[in-house]
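S.K.:
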């Protein structure tokens, strides 16, 4: 968990407190300062954050690194072999940051593990929106979501969302599936129905309620609308493919979700 | 259908090496021979014929255009850029294609019937009219009982993207032509090429003039250019990109510039936006394509579709005509680039919202169809 002491980076600590359980391994609280002489200030920030975990949580490790925050978080994630990084993020950004990318975006794009971007309203995680394109990372996304959901106490609802933004490329094409909902796609064993059904099977658990949903429209707009309308507490997306030709040719939907969505996002790698 | 030589059994090549004099030569390269055998010579022949007809048609239209000046100026009353825009637009509806109309505009310009700005406007009008074709095909399907929203989406998107980009490009282009900013960029003199063409085509034109009135050469040329485009479509290679990784367009959302370049590249070869759009169908086995991918593809296609018009300008040996086409291409490219870089997300939303509004009800659709017929008529009449 990373914090810089500011209000937005404090979101990472608040989100960490929501998902922290006594049986977990000791988490690491990390802060990054620009100069070596700032180390005492970094220590003070961490001490303050650690006090909030109290005695119910496992003991926390405190670390101060010196340098560029984005690069140092990624370096720590790689060296510490962490399973999950939690970073805080502003709810909205200016044009320049949106174009160039924030610290959270850099961490998501370079960290070797999954990342939670804590932003917006932080509270108990009860409703989770899992966005599955079906084209990337079969199973990884769903299984990781299951692990996260299982570690959260209480009953969660996971909605598996797929957005069909397709239209017919020509007038004569049979387009019935372009108007179908999730149930119909599953029933006719359409490609989208197949992976939605697979996701529901993987997520099946006594403490998780699942449902599949298909929306029609452009991918990013529909994800943002669903996140808002469903008032989800966590949005889960897969990481953008960062290898080979796909890195350059495919649209980075993940980056857009991180930048535009107004609530916590889990990027699964 | 000629059998694909690459599928021939190996022994046929072996048998050639024992008896065929070409392969028996010690210098003969078996790879080169295989390449030669793969060439579809029938399509090459068809291409040469279509190119010959294209050049003949341009020369005929140029010859007949001057005699049509009274018809264009007095009967159709094309005396301003707005008139020329409406004229090109309606002309494209009539011939169901944009390229012959764009070539006609250049022929009229070369004959001094219309000026440079009017030519530019008429070419823009030809694209407006041509973009209606995809919609028209969809409309036929709707009349046959298909769902409005799905049957017309592609055609409407094509039309709206063309309208929105070309309208802004029209303004930019007029300023560019008036300022002469691109006048310095001209193809090297085509005098030698022109003299060769004169040598070949003058006797044909003289023969036709011996029994046809001069103005009819334009009509004959227009007919021949339509035939030449038809033949050209037939000699295109099979451009159905298979379900390879790149071809899985329906499943993935590509970056806009990727689809922009793909649309440009495909249309550079096909020279027709409607053909390029139809090539999208086999990209996925279900014939679906993502909304996000279509708009930049159309934008790219809308630029390189002028390749044949650029060729026509060169064949007319008219540097000013070449500038008109070049300005059209650059203006559309500039507008597309600004949209893609600056506000593509919003632009995409506006286009899709407008499409949704049109297909929401029969009344909206009827209003839209009425509008795209009424506007060019009004433009021609003002």
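Chains as they are written, first to last, in my numbering: chain A, 16 to 284; chain B, 755 to 1136. Every residue, glycine too, gets a C-beta built ideally from N, C-alpha and C.
1) Residue 76/A and residue 43/A: beta carbons closer than 7 Å?
2) At least one CB of chain B closer than 7 Å to the CB of residue 183/A: is that the case?
3) Taking only beta carbons into account, state which residues of the stretch 204 to 238 of chain A come closer than 9 Å to chain B, listed in chain order.
4) Tell me the start and end of each unbroken beta strand (DSSP E) in the stretch 76 to 125 of chain A that is at least 3 residues and wholly inside, in chain order.
5) Compute the distance between the beta-carbons of residue 931/B and residue 1081/B, then report whether it is under 7 Å.
6) Can you pull the chain A neighbours of residue 1043/B, defined as C-beta to C-beta under 9 Å?
7) Note down the Cα distance separating residue 33/A from residue 46/A, rounded to an integer number of angstroms.
8) Return the chain-ordered list of same chain residues with a C-beta closer than 7 Å to the C-beta of residue 850/B, the five sequence neighbours on each side being excluded.
9) Distance, Cα to Cα, residue 977/B vs residue 268/A?
10) Just the C-alpha distance for residue 148/A and residue 223/A, rounded to the nearest angstrom, thanks.
11) Residue 268/A touches chain B at which residues, Cβ-Cβ below 7 Å?
12) Counting only C-beta atoms, is residue 145/A closer than 7 Å to chain B at any point?
13) Mind checking which residues open and close the beta strand (DSSP E) that includes residue 224/A?
14) Within 7 Å (strictly less), CB to CB, does residue 918/B reach chain A?
15) Shortest alpha-carbon distance to residue 1107/B belongs to which of 242/A, 233/A, 281/A?
16) Which residues in chain B have a C-beta closer than 9 Å to the C-beta of residue 265/A? List them in chain order.
17) Could you tell me which of 189/A, 181/A, 283/A sits nearest to residue 158/A, measuring between CA atoms?
18) Please report the straight-line C-alpha distance between residue 1025/B and residue 895/B, rounded to a whole angstrom.
19) Considering only their Cβ atoms, is the gap separating residue 229/A from residue 132/A smaller than 7 Å?
20) Can you find a C-beta in chain A that's less than 7 Å from the C-beta of residue 1018/B?
21) Closer than 7 Å, CB to CB, is residue 889/B near chain A or not?
22) With 7 Å set as the bound, which would you pick, yes or no: does the beta-carbon of residue 907/B sit closer than that to a beta-carbon of chain A?
23) Since residue 1046/B meets chain A, which of its residues come closer than 8 Å, beta carbon to beta carbon?
24) With residue 1139/B as the anchor, note down where its alpha helix (DSSP H) starts and where it stops.
25) Evaluate residue 1120/B with the Cβ neighbour count: other Cβ atoms within 10 Å of its Cβ, from every protein chain shown; 16 or more gives buried, anything less gives exposed.
26) Quick check on the burial criterion: 16 or more other C-beta atoms within 10 angstroms. Buried or exposed for residue 778/B?
27) Please list the partners that residue 1103/B has in chain A, where partner means a Cβ-to-Cβ separation under 9 Å.
28) Taking residue 1106/B as the query, report the chain A residues whose CB atoms sit under 8 Å from its CB, ordered along the chain.
29) Cutting at 7 Å between CB atoms, please list the residues of its own chain near residue 25/A, excluding the five before and the five after it.
30) In this structure, what does DSSP give as the bridge partners for residue 143/A?
31) Assign residue 45/A to one of three DSSP states: helix, strand, or coil.
32) Measuring alpha carbon to alpha carbon, tell me which of 1109/B, 1065/B, 1074/B, 812/B ends up nearest residue 974/B.
33) In or out: residue 204/A buried (at least 16 other Cβ within 10 Å) or exposed?
34) Measuring CB to CB, does residue 144/A end up less than 7 Å from residue 272/A?
35) In chain order, what residues of the same chain lie with their CB nearer than 8 Å to the CB of residue 1011/B, ignoring the 5 residues before and after it?
36) Considering only residues of the same chain and omitting the five flanking positions on each side of residue 1063/B, which have a CB-CB separation below 6 Å?
M.R.: Let me lay it out:
1) yes
2) yes
3) 205, 206, 232, 233, 234, 235, 236
4) Within the stretch 76 to 125 of chain A, the complete beta strand (DSSP E) runs of at least 3 residues are 76 to 81, 99 to 103.
5) yes
6) 181, 182, 183, 184
7) 20 Å
8) So the qualifying residues of the chain are 887.
9) 49 Å
10) Between residue 148/A and residue 223/A, the C-alpha separation is close to 21 Å.
11) The contacting residues are 1007.
12) no
13) 223 to 231
14) no
15) 233/A
16) 1006, 1007, 1008, 1009, 1012
17) 283/A
18) Distance between the alpha carbons of residue 1025/B and residue 895/B: 25 Å.
19) no
20) no
21) no
22) yes
23) 180, 233, 234, 266
24) Residue coverage of chain B in this structure runs from 755 to 1136, which leaves residue 1139/B outside it and unanswerable.
25) exposed
26) With a pLDDT of 42 at residue 778/B, under the threshold of 50, the modelled position of this residue cannot be trusted; read the value that follows with caution. Residue 778/B comes out exposed.
27) 233, 236
28) Within 8 Å Cβ-Cβ: 232, 233.
29) 18, 103
30) 173/A, 249/A
31) Strand at residue 45/A.
32) 812/B
33) exposed
34) no
35) 1050, 1094
36) Cβ within range, chain order: 856, 1079.
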